[in-house]
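This report concerns only the one structure given below.
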Amino acid sequence: MTIKDQLKLELEKLINQVKVQTQSAKNIALDQAWKILQLVLAQLVQIIEDIGNELSGPDKKAIVLDLLSGFYDRVFLVVDIPFVPNFLEPIIHKHVKALLMLLAGSSIDALVTTFRNVGVFIDPQNKVDPSLDSIPKISEK
């Protein structure tokens, strides 16, 4: 069984959980869709870090984004966008998805860095890029 197949099995569980929790909702609000995507993204990133040791970072990211895109298609049939009339939402649905996937790509990088910094990924080979230390910090506490 490939890494992607293992991730697909885990994703099926997540899809079922989300569908059960959102079954009474006809539409999902944009902010709720983003929150759900972030939670699923965090799960997928943790799982692929555990089982995908032989994959490079860009390969892991590509697999996660592909699976997240499939998750979006299966779970979010209609995303309710504030101030957009309901009859226009299906027309711009693919653009909303494209924007959320773009944001998800950046979120993967942020999640991996955060998980490494706080010790979620404790593998000694997972080192944070030293150039990140030169980024100005809000506080040195």
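Going left to right, the sequence shown walks through residues 1 to 141 as our numbering numbers them. Here a beta-carbon is modelled for each residue, glycine too, at the ideal position from N, C-alpha and C.
Which stretch, first to last residue, makes up the alpha helix (DSSP H) that contains Gly-105? 89-118
Between Pro-82 and Leu-30, is the Cβ-Cβ spacing less than 8 angstroms? yes
Among Lys-4, Leu-39 and Thr-2, the one whose alpha carbon lies nearest that of Gln-17: Leu-39
What do you reckon, are the CB atoms on Leu-68 and Leu-44 nearer than 8 angstroms? yes
Backbone secondary structure at Phe-121 - three-state DSSP: coil
Measure the CB-CB distance between Val-64 and Ile-108 and report whether it falls below 8 angstroms. A contact, by the Cβ cut-off of 8 angstroms.
Could you tell me how far apart the beta carbons of Glu-49 and Phe-121 are, in whole angstroms, since I believe they sit closer than 8 angstroms? 5 angstroms
Can you tell me which of the three DSSP states Ile-28 falls into? Residue state, collapsed to three classes: strand.
So is Leu-77 buried or exposed if we call it buried at 16+ other beta carbons inside 10 Å? By the neighbour-count rule (16 or more Cβ atoms within 10 Å), Leu-77 is not buried but exposed.
According to DSSP, is Leu-84 part of a helix, a strand, or is it coil? First, the amino acid is wrong: residue 84 is Val here, not Leu. Three-state result, Val-84: coil.
When the Cα atoms are used, what is the spatial distance from His-95 to Gln-6? About 29 angstroms.
What is the rounded straight-line gap between the Cα of Ala-110 and the Cα of Gly-57? 13 angstroms
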